[in-house]
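Single-structure report; data block below.
Protein chains: 2
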Amino acid sequence: MSWRKEQRRAERGYHHGNLKEALLQAALGLIAEKGAAGFTFADAARMAGVSAAAPYRHFRDRDELLSSIAQRGFEQFEARLSAAWDDGRPDTVTAFERVGKAYLAFAREEPAFYNAMFESGVPVDANAALQAASERAFNVIRAAAERLAALTPPGTPRPPAMMMALHIWSMAHGVASLFSRGDAARRKLPMSPDELLEAEVLIYLRGLGFPIDRRPPARGAEPPPVPPEAPSGSGVPPGRPWGKPK
Amino acid sequence: MSWRKEQRRAERGYHHGNLKEALLQAALGLIAEKGAAGFTFADAARMAGVSAAAPYRHFRDRDELLSSIAQRGFEQFEARLSAAWDDGRPDTVTAFERVGKAYLAFAREEPAFYNAMFESGVPVDANAALQAASERAFNVIRAAAERLAALTPPGTPRPPAMMMALHIWSMAHGVASLFSRGDAARRKLPMSPDELLEAEVLIYLRGLGFPIDRRPPARGAEPPPVPPEAPSGSGVPPGRPWGKPK
DNA sequence: CGCCTCATGTAAAGGTCGTTCACATGAGCT
DNA sequence: AGCTCATGTGAACGACCTTTACATGAGGCG
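First to last, the sequence lines map onto chains S and V.
With UniProt numbering applied, the first sequence closes on residue 246, and no number is skipped along the way.
With UniProt numbering applied, the second sequence closes on residue 246, and no number is skipped along the way.
Structure (structure tokens):
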């Protein structure tokens, strides 16, 4: 029954030594398994081998633990988006695409973080640090949009970068929430979430006047992506940013 | 203390008479207040003036109540989207726009339903009826996309309607989740969620080759919306689907 | 080295929930 | 009038969150 707890205590002494971190890790695992809603403070404590009251020495309550995780999530999110953006290399559109994919990849590969960040009910403004982290992540998208907006072909009006950023964010978040997450919201799709988002973004960019015409890149060799940087013609070519028609 | 309950019982007798419905209504109110996560079965029972065990005569468990609400939500959702679509009157693009707005309006005006449908963790496939209701709602968007796809100007490839529908859905859902919901996910925006989504959809449609050029419609008179039905030129005019550039 | 202090952990207890079970009630059929 | 079965009750169980009083021991100080 409780010799297990005694045992653990024997191994590590009365003081845990690194409980805060252990709790965060435990919670991360539990959220990944059962969602933020199903995650329990008591379980995290058990998993760390301490009593149910111990966590309260490190977090005001369950919500604070959750928002700590959300904050870390936003930090890692920012890192991944930043890396994907890679300051716009090799060209702005390609890098932009990569950011979209990174968004979905994060949602897929870090379900616990994504859950805590967007689906746990933790208000972004619960915590100043959380809010700041969230903003830094968004700023990556925003900066990318800024660069992209500066490239609008001559003859077409330049869209507000902030608006573009919000649009892209909503597309990525929409696709991730509806189609790319745990068993919860999954629907049957005629294409992968990645392809879906890619086509969506490309069509959107074309609507802004970018001369986009790419089909799913032939796997292997990367073709010289898009007539590099300075777009030539105005108006939109009749390309097909989604897959071949059946 | 408990004379209240006695009182209620005196008013309505031992049998409630309409408990199932009362529970659904109570739950709806509670979810609107505190979110699906904070909603409690016991509270709903209290609110209906019955004991905590009574609800189990009508719902297998808390999750079944939740999914019943989600199902109703999808039904009302379908009704609102259908009404907005109005079979494509007066013209397809205008009606399509209206569907987008109806989506956001529903998310805003029926937070309890929206929450149960998309944010409560209820899996869509929990219940056959739920899944069917969800599909019927989506089919409204899909049918609209179908009609829209059939209108692609000559010279531009015709996008798969299903893909369009998924794109539109993800945009609407993304905007609603991130910007248009309860205090939870609210960020500061340079424009209203409605405007944001409208611009997003218009730009997207333009990317598909639709000759869209509309600024936020002057409130009051509806201008002859878009060169009616059969679009003339191919290629995309350099219009500005978002607001004036400050 | 011995002692003190304070951060960190524990056990116990109170309140709430979800859920089940045996039992009560009474609406409607016969 | 009497029976039956859907519907509601109360009590009880185990889990959770959170608070409180108390225990432990690591690290600083004399």
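We treat Cβ as the ideally placed atom computed from N, Cα and C, and that holds for glycine.
Treat the numbers as computed from the prediction; the structure is a model and nothing was measured.
Following the continuous alpha helix (DSSP H) through residue i, name the residue where it begins and the one where it ends.
i	result
residue 176 of chain S	161–179
residue 47 of chain S	41–48
residue 62 of chain V	62–85
residue 260 of chain V	This structure cannot speak to residue 260 of chain V, because chain V is shown only from 1 to 246.
residue 37 of chain S	19–38
residue 200 of chain S	193–207
residue 130 of chain V	128–149
Check each candidate in the options and name the one with the smallest Cα separation from residue i.
i	options	result
residue 157 of chain V	V/207, V/12, V/46, V/177	V/207
residue 71 of chain V	V/85, V/115, V/159, V/41	V/115
residue 35 of chain V	V/178, V/112, V/195	V/112
residue 192 of chain S	S/178, S/166, S/203	S/178
residue 40 of chain S	S/17, S/18, S/64	S/64
residue 46 of chain S	S/22, S/61, S/38	S/22
residue 29 of chain S	S/176, S/194, S/43, S/118	S/43
residue 17 of chain S	S/32, S/26, S/48, S/37	S/48
residue 169 of chain S	S/144, S/159, S/66, S/155	S/144
residue 162 of chain S	V/62, V/107, V/31, V/196	V/196
residue 194 of chain S	V/175, V/100, V/167	V/167
residue 250 of chain S	S/199, S/37, S/68, S/204	Missing from the structure shown is residue 250 of chain S; chain S here goes from 1 to 246 and no further.
residue 187 of chain V	S/124, S/66, S/164	S/124
residue 153 of chain V	V/210, V/89, V/105, V/26	V/210
residue 51 of chain V	V/75, V/19, V/74, V/38	V/19
residue 202 of chain V	V/164, V/181, V/190	V/164
residue 160 of chain V	S/200, S/33, S/12, S/73	S/200
residue 73 of chain V	V/83, V/104, V/110, V/176	V/110
residue 247 of chain V	V/103, V/87, V/37	The displayed coordinates of chain V run from 1 to 246. Any statement about residue 247 of chain V would go beyond what the structure contains.
residue 105 of chain S	S/175, S/12, S/240, S/212	S/175
residue 198 of chain V	V/108, V/100, V/15	V/100
residue 205 of chain V	V/240, V/190, V/181	V/240
Check whether the Cβ of residue i lies closer than 7 Å to any heavy atom of the ligand HEM, and answer yes or no.
i	result
residue 18 of chain V	As for the ligand HEM, it is missing from this structure, which has no ligand bound.
Touching by the beta-carbon criterion (3+ pairs, under 8 Å), the segment 76–90 of chain S and the segment 52–59 of chain S: No: fewer than three Cβ pairs fall under 8 Å.
Stretch-stretch touch, CB-based, cutoff 8 Å, three pairs: the segment 145–153 of chain V with the segment 90–97 of chain V: As far as the Cβ criterion goes, the segment 145–153 of chain V touches the segment 90–97 of chain V, which means the pair count is three or higher.
Taking 8 Å as the threshold, find out whether the segment 132–144 of chain V comes into contact with the segment 135–144 of chain S through three or more Cβ pairs. A contact is defined here as three or more CB-CB pairs under 8 Å, and the segment 132–144 of chain V fails this definition with respect to the segment 135–144 of chain S.
What residues in the segment 140–171 of chain S bring their beta carbon closer than 8 Å to a beta carbon of chain V? Residues 155, 156, 157, 158, 159, 160, 162, 163, 166, 167, 169, 170, 171.
Going along the segment 108–130 of chain V in order, which residues come within less than 9 Å of chain S, judged by CB to CB distance? The residues in question are 118, 119, 120, 121, 122, 123, 124, 125.
Any residues in the segment 31–56 of chain V with a beta carbon nearer than 9 Å to a beta carbon of chain S? Which ones, in chain order? Those would be 35, 36, 37, 38, in chain order.
Interface residues of the segment 63–82 of chain V facing chain S [CB-CB below 8 Å]: Cβ contacts with chain S come from no residue of the segment 63–82 of chain V.
Return the residues of the segment 84–109 of chain V that lie within a Cβ-Cβ distance of less than 9 Å from chain S, sorted by chain order. Contacts with chain S (Cβ-Cβ distance below 9 Å) from the segment 84–109 of chain V involve no residue at all.
Mind checking the segment 198–210 of chain V against chain S and listing, in chain order, the residues whose C-beta falls within less than 8 Å of any C-beta there? Listed by position along the chain: 199, 200, 202, 203, 204, 205, 206, 207, 208, 209.
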